[in-house]
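Participant: Each residue of the sequence shown is one higher than the one before, counting from 706 in our numbering.
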Amino acid sequence: MTYQELHQIPLIKTSLPGPLAAKMIAKDEQFTSPSYTRFYPLVVKRGYGAMIEDLDGNRFLDFTSGIAVCATGHCHPRIVEAIRKQSEQLIHMSGTDFYYGPQADLAEKLASLAPGKSAKKVFFANSGTESIEAAFKLARYHTKRKQIISFFGGFHGRTMGSLSLTASKSIQRKGFDPLIPGVSHTHFGNCYRCPVNKTFGSCGIACVDSIEKQLFRHTVAPEDVAAFVVEPIQGEGGYIVPPNEFHRDLQTLARKYGILIIADEVQSGMGRTGKMFASEHFNLEPDIICLAKGIASGLPLGAMIARSELMSWPKGAHASTFGGNPVACAAALETIALLEEGLMLNASNVGKFLIDLLHSLSDKHRIIGDVRGKGLMLAIDLVKDRTTQEPATFLRDEIVQRCFQKGLLLLGCGQSAIRFCPPLIITEQDAMVAVKILDQILSEIIEV
Ligand code: PLP
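1. Kindly indicate which residue of 1100, 1078, 1080 and 1074 has the alpha-carbon position closest to the one of residue 1091.
2. List the whole-angstrom C-beta distance separating residue 891 from residue 920, where the pair is believed to meet the contact cut-off of C-beta under 8 angstroms.
3. Counting only the same chain and skipping the five closest in sequence on each side, list residues whose C-beta sits under 7 angstroms from that of residue 832.
4. Is it buried or exposed, residue 720, if we count other Cβ atoms within 10 angstroms and call 16 or more buried?
5. Taking its Cβ as the centre, do 16 or more other Cβ atoms sit within 10 Å of residue 797, making it buried, or is it exposed?
6. From the DSSP output, which residues share a beta bridge with residue 968?
7. Could you name the residues of the same chain whose beta carbon sits closer than 6 angstroms to that of residue 909, not counting the 5 residues immediately before and after it, in chain order?
8. Going by DSSP in three states, residue 1096 sits in which element: helix, strand or coil?
9. Which value, in whole angstroms, describes the spacing of the CA atoms of residue 855 and residue 872?
10. Considering Cα atoms alone, identify which of 1105, 950, 807 and 1148 is closest to residue 767.
11. Taking all protein chains shown into account, do 16 or more other C-beta atoms lie within 10 angstroms of the C-beta of residue 732, making it buried, or fewer, making it exposed?
12. Output yes or no for whether 8 angstroms exceeds the beta carbon distance between residue 1000 and residue 1037.
13. If you draw a straight line from the alpha carbon of residue 805 to that of residue 715, how long is it in whole angstroms?
14. What did DSSP end up calling residue 909 once you bin it into helix, strand or coil?
15. So what does residue 774 bridge to, in DSSP terms?
16. Using 8 angstroms as the limit for Cβ to Cβ distance, is residue 1020 near chain C?
17. Given this structure, state the Cα-to-Cα distance separating residue 1148 from residue 770, to the nearest angstrom.
18. With distances taken from CA atoms, which of 866, 746 and 857 is nearest residue 875?
19. Short check: CB of residue 652 to CB of residue 825, under 8 angstroms?
20. Could you name the residues of the same chain whose beta carbon sits closer than 7 angstroms to that of residue 850, not counting the 5 residues immediately before and after it, in chain order?
21. What residues match up with residue 758 in a beta bridge as DSSP calls it?
22. Would you say the stretch 1091–1103 touches the stretch 1116–1124, given that touching needs at least three Cβ pairs under 8 angstroms?
23. Under 8 angstroms, do residue 952 and residue 987 count as touching if we go by C-beta distance?
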């Protein structure tokens, strides 16, 4: 694809969905699970960088990166080459039963990147939910404690263990009871929505304080708690950045009672926030970190990094046939190289540029109730009223639909937020194009 072609984005040539896309959607709807949450009729044919082209030749500016996955952009030439080279040599052998280089190399790299001085070891899986399952099992196994605490708004996956930790939207749990026993949920440091005061702790229900004063006093003995499972920045729950004190106090509380901290960095990790791990923004040194989305530029791979001394489980206790597949590991090693060579810095710089643009947009449009995030993990909230912060879910959905029609791909999160999680390769120019489209849609909607 030429430079010129690349820069013709967005480019909408048909009504959406176009005829070819409509035909494919009809087939898909006949044969695939209705549980998928497709929000607009996009049928992707190919992607390159931050560009997505559909079956009818329409081109979109992708500010979703396949739900925060394609950090290096779609089909980055170096990732394609790494995949090609590895797949000519070895596609699968199972790292559970045999050794091969890319898995050991990646484990070494991830262990060296994780925050904190202690030695680390890595367990490989295929997805976010599997890396959470691994952490859940390891925490129980190692501590010999049964209870786990996670947070309202948290999303950790959809298999039974991680679903038990998930407390984002009740539809995700409805009908699947009984879930895994021994899980309690408590308040996340969601202070930006606090009706009393946006300052940590001043509301009187300071989240971490309430764990000790409420949960530990009334229902769960701290000595029975194996781990806190926490997203440093909540993803699906609304791109919620807690105040620094939240993680500081949680870490202190965890150390006091010998409770592990499992940081779910499935969405926030691998450079998305401008640092390799979002934990680093909060000086958080998790005992276990779970990764998946951004790690292998779109190939299925999950990883659980734990302090070596926690990996006390014996041979056979946990494994995965496909986890740590050599091709996915090769893609991950190249992804990390690209992040270190400049993409992470780009996420930080363009992220600052984009958040400034979003703040200006919020100065202009009062239906934006909040602008937040770090790096290229950013969100705006749509509200009916700024003072009450009443969520405007319908408006948010309408805006996302209209942006799609204009060639900008966005996703919602939380009750009424729009998330911006573009590939980390985007330029300031891309950010300006996206915000211009959004501005135009917001003006149209307000005029109606
Ligand atoms: N944890 C977080 C923070 C996530 O955002 C997700 C997916 O959105 C998961 C876990 C589950 O990942 P997967 O869909 O790969 O199972």
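All C-beta atoms, glycine included, are put in the ideal place defined by N, C-alpha and C.
Facilitator: To lay it out plainly:
1. Here residue 1091 refers to the residue found at position 386 when the sequence shown is read from its first residue. For residue 1091, the nearest C-alpha among the options comes from 1074.
2. Taking the sequence shown and counting its residues from 1, the one referred to as residue 891 is at position 186. Taking the sequence shown and counting its residues from 1, the one referred to as residue 920 is at position 215. With a Cβ gap of about 6 angstroms, residue 891 and residue 920 count as contacting.
3. Start at 1 with the first residue of the sequence shown, and residue 832 comes out as number 127. Cβ neighbours of residue 832 beyond the five flanking positions: 997, 1005 and 1007.
4. As a position in the sequence shown, residue 720 is number 15, starting the count at 1. Exposed is the call here.
5. Taking the first residue of the sequence shown as position 1, residue 797 is located at position 92. With fewer than 16 other Cβ atoms within 10 Å, it is exposed.
6. Along the sequence shown, read from residue 1 onward, the residue named residue 968 stands at position 263. BP columns for residue 968 point to 935 and 994.
7. Here residue 909 refers to the residue found at position 204 when the sequence shown is read from its first residue. Any reading at residue 909 needs caution, since the residue's pLDDT is 47, under 50, leaving its predicted position unreliable; the model's value is listed next. Closer than 6 angstroms at the Cβ level, and outside the excluded window around residue 909, lies no residue.
8. Locating residue 1096 in the sequence shown gives position 391, where the first residue counts as 1. Strand.
9. By one-based count along the sequence shown, residue 855 stands at place 150. By one-based count along the sequence shown, residue 872 stands at place 167. Their Cα atoms are separated by approximately 8 angstroms.
10. Indexing the sequence shown from 1 puts residue 767 at position 62. Among 1105, 950, 807 and 1148, the Cα nearest to that of residue 767 is on 1105.
11. By one-based count along the sequence shown, residue 732 stands at place 27. Exposed.
12. Taking the sequence shown and counting its residues from 1, one reaches residue 1000 at position 295. Taking the sequence shown and counting its residues from 1, one reaches residue 1037 at position 332. Against a cut-off of 8 angstroms, the Cβ pair of residue 1037 and residue 1000 comes out as a contact.
13. Reading the sequence shown from its first residue, position 100 is the one you call residue 805. Reading the sequence shown from its first residue, position 10 is the one you call residue 715. One C-alpha to the other measures close to 43 angstroms.
14. The count along the sequence shown starts at 1 and reaches residue 909 at position 204. Residue confidence for residue 909 is low, a pLDDT of 47 falling below 50, so the modelled location carries little weight; the figure read from the coordinates is stated next. Three-state DSSP puts residue 909 in coil, outside helix and strand.
15. Residue numbering aside, residue 774 sits at position 69 when the sequence shown is read from its first letter. BP columns for residue 774 are empty, so no partner.
16. Among the chains in the structure shown there is no chain C, since it carries only a single protein chain.
17. Locating residue 1148 in the sequence shown gives position 443, counting from the first residue. Locating residue 770 in the sequence shown gives position 65, counting from the first residue. About 26 angstroms.
18. Counting from 1 along the sequence shown, the entry for residue 875 is found at position 170. For residue 875, the nearest C-alpha among the options comes from 857.
19. Nothing in the structure corresponds to residue 652, since the chain is present only between 706 and 1153.
20. As a first step, residue 850 is located in the sequence shown; it is residue number 145 there, counting from the start. Contacts found: 929, 930 and 931.
21. As a position in the sequence shown, residue 758 is number 53, starting the count at 1. BP columns for residue 758 point to 751 and 764.
22. yes
23. If you number the sequence shown from 1, residue 952 lands on position 247. If you number the sequence shown from 1, residue 987 lands on position 282. Yes.
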